[in-house]
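Its first residue numbered 3, the sequence shown is counted upward by one per residue in my numbering. C-beta: ideal position from N, C-alpha, C; glycine also. Predicted model, so just to flag it, every value in this text is computed and none were measured. Notes for the one structure printed next.
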Amino acid sequence: MWDRIKHNFDKFPARMAVARKIVELGLRVGDKGKIYCGDVEISDVALARSVNVDRRAIKSTVDVILADPQLSGIFQNIFPAGTLLKNIAKNLGFGVVEIEAEAGNSGILARSTELISREGISIRQAHAGDPELEENPRLTIITEKPIQGELINEFLNIPGVKRVSIY
Numbered sequence: 003m004w005d006r007i008k009h010n011f012d013k014f015p016a017r018m019a020v021a022r023k024i025v026e027l028g029l030r031v032g033d034k035g036k037i038y039c040g041d042v043e044i045s046d047v048a049l050a051r052s053v054n055v056d057r058r059a060i061k062s063t064v065d066v067i068l069a070d071p072q073l074s075g076i077f078q079n080i081f082p083a084g085t086l087l088k089n090i091a092k093n094l095g096f097g098v099v100e101i102e103a104e105a106g107n108s109g110i111l112a113r114s115t116e117l118i119s120r121e122g123i124s125i126r127q128a129h130a131g132d133p134e135l136e137e138n139p140r141l142t143i144i145t146e147k148p149i150q151g152e153l154i155n156e157f158l159n160i161p162g163v164k165r166v167s168i169y
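Here it is in structure tokens:
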């Protein structure tokens, strides 16, 4: 996906920033050129402000997307993933495990969830950051209850894991 996006927008930094923001927020480009979050229309001005570009960059980005069958197939089918519980986990009595890993390592999610399940703790949510969108992508796991700090060393023993925070 990102290769195709870069191919179309690399020479146009403002358009690339708009395309990245659309993906980051789970926004969808409608077939009439409107941008939506679920079924809520997002104004070009509001999106332009958030990306710090002129609103014309929004229109030109959408035009390029709709003119390319591969891009429109991607951008017309994006839907928001829902609420990330990380910032409200404490209020809900949930636990949070944040894992920063080296790029390109596989199995980190599987091994992490295995550690958690061995403790008999249910997982409410897992979210893996996209290395194309984030400088330091993190795996965030929300658990039914807080996890004991003693597990930090076990998480750090997973190949590729650089840092772990439990709260």
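Residue range of the alpha helix (DSSP H) that includes residue i
i: serine 114; result: 110-120
i: glycine 75; result: 71-77
i: lysine 8; result: 4-11
i: serine 52; result: 46-53
Residue i (DSSP reduced to helix, strand or coil)
i: glycine 151; result: helix
i: threonine 63; result: helix
i: leucine 141; result: strand
i: lysine 34; result: coil
i: alanine 91; result: helix
i: glutamate 43; result: strand
i: glutamate 146; result: coil
i: glutamate 100; result: strand
i: glutamate 156; result: helix
i: leucine 86; result: coil
i: leucine 68; result: helix
Near the ligand MG: residue i beta-carbon under 6 angstroms from a heavy atom
i: methionine 18; result: For the ligand MG, the structure offers nothing, since it holds no ligand at all.
Residue range of the unbroken beta strand (DSSP E) whose run includes residue i
i: glutamate 26; result: Not the beta strand (DSSP E): glutamate 26 falls in the alpha helix (DSSP H), residues 15-27.
i: serine 167; result: 163-168
i: isoleucine 125; result: 125-130
Proximity below 7 angstroms, CB of residue i to CB of residue j
i: asparagine 3; j: isoleucine 67; result: Residue 3 is actually methionine in this sequence, not asparagine. In this structure, isoleucine 67 does not lie closer than 7 angstroms to methionine 3 by Cβ.
i: isoleucine 125; j: isoleucine 149; result: no
i: isoleucine 101; j: valine 166; result: yes
i: alanine 105; j: proline 133; result: yes
i: valine 53; j: lysine 23; result: yes
i: alanine 130; j: leucine 141; result: yes
i: alanine 48; j: valine 20; result: no
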